[in-house]
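Undergrad:
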Amino acid sequence: IWILTNRKSAKRRGQVQLIDASSYHQPMRRSLGNKRKFISEALIAEITELYCAFTENESARIFDNAAFGYTKVRVERPKRNKKGQVVTDKSGQPKPDSGLRDYEKIPLTDDIEAYFAREVQPHVPDAWLDRSQDKVGYEISFNQYFYTYTPLRPLAEIKADILALEQETDGLLAEILA
Numbered sequence: 001i002w003i004l005t006n007r008k009s010a011k012r013r014g015q016v017q018l019i020d021a022s023s024y025h026q027p028m029r030r031s032l033g034n035k036r037k038f039i040s041e042a043l044i045a046e047i048t049e050l051y052c053a054f055t056e057n058e059s060a061r062i063f064d065n066a067a068f069g070y071t072k073v074r075v076e077r078p079k080r081n082k083k084g085q086v087v088t089d090k091s092g093q094p095k096p097d098s099g100l101r102d103y104e105k106i107p108l109t110d111d112i113e114a115y116f117a118r119e120v121q122p123h124v125p126d127a128w129l130d131r132s133q134d135k136v137g138y139e140i141s142f143n144q145y146f147y148t149y150t151p152l153r154p155l156a157e158i159k160a161d162i163l164a165l166e167q168e169t170d171g172l173l174a175e176i177l178a
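Set out below in structure tokens:
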């Protein structure tokens with residue numbers, strides 16, 4: 001559910017409230033195409049309460065607008081000849097290799113040069129930034145903010161399941177071949 005407005009109250013200005021209402025639904029008696037769930041009046045009231053409260057809890061988080069912003073920066077690497085030497089243009093600058101071109105999404109809250117030195121340079125020391133291609137964007141990833149870890153099954157349990165399936169299939173194979 002998206003609630004968008006450009007008439008926010010003073011306490012909401014410059015902030016975004018995310019509400020995870022993915023569990024606020026009931027199954028429909030009969031599907032309407034791909035629609036298999038609906039939100040009852042009681043659940044709508046609960047979601048509205050979360051929105052109006054404007055507080056952080058398990059289902060609601062509040063962020064500054066800049067938390068979702070990023071600058072998409074082009075990272076270039078030099079083209080090399082067959083001998084592994086860097087190919088340069090007439091002015092002596094290395095030519096970029098379009099096959100090695102990459103892009104980094106750097107949060108608006110981070111300094112681009114510091115991020116590049118910290119995250120990119122240690123792995124590809126010959127890389128440089130092409131700042132003429134910078135683009136600013138915004139992205140909301142609900143998994144990033146509302147992810148809940150579910151522990152994996154123990155290895156012994158998985159092994160027991162595999163062995164049980166193997167014994168079952170051996171019995172079926174013996175029946176088929178007999």
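Take 1 as the starting number for the sequence shown in this note's numbering and just add one per residue.
Backbone N, C-alpha and C fix where the C-beta goes; we use that ideal spot for every residue, glycine too.
(1) Do you know how far the Cα of Asn65 is from the Cα of Ile44?
(2) Starting from the Cα of Ala53, find the closest Cα among Gln17, His123, Phe38 and Arg101 and give me that residue.
(3) Please report the distance separating the alpha-carbon of Ala127 from that of Pro107.
(4) On the criterion of 16 or more Cβ atoms from any shown chain inside 10 Å, does Glu76 qualify as buried, or is it exposed?
(5) Tell me the residue span of the beta strand (DSSP E) that contains Ile62.
(6) Hey, could you find the ends of the alpha helix (DSSP H) Leu18 is sitting in?
(7) Secondary structure at Gln26, three-state DSSP: helix, strand or coil?
(8) From what residue to what residue does the alpha helix (DSSP H) around Gly171 run?
(9) Decide if the segment 21–37 is in contact with the segment 73–91; the criterion is three or more beta carbon pairs, one per stretch, under 8 Å apart.
(10) May I ask you to report which of helix, strand or coil DSSP gives Arg80?
(11) Would you identify the three-state DSSP class for Leu152, choosing helix, strand or coil?
(12) Please tell me whether Lys95 and Lys79 are closer than 7 Å, where the distance is taken between their beta carbons.
(13) For a quick check, are the C-beta atoms of Ile47 and Gln15 less than 7 Å apart?
(14) In whole angstroms, what is the alpha-carbon distance linking Pro122 and Asp97?
(15) Cα separation between Ile39 and Asp170?
TA: The structure says:
(1) 26 Å
(2) Gln17
(3) 20 Å
(4) buried
(5) Ala60 to Asp64
(6) Careful: Leu18 lies outside any alpha helix (DSSP H), inside the beta strand (DSSP E) at Gln15 to Ile19.
(7) strand
(8) Leu155 to Leu177
(9) no
(10) strand
(11) coil
(12) yes
(13) no
(14) 19 Å
(15) 48 Å
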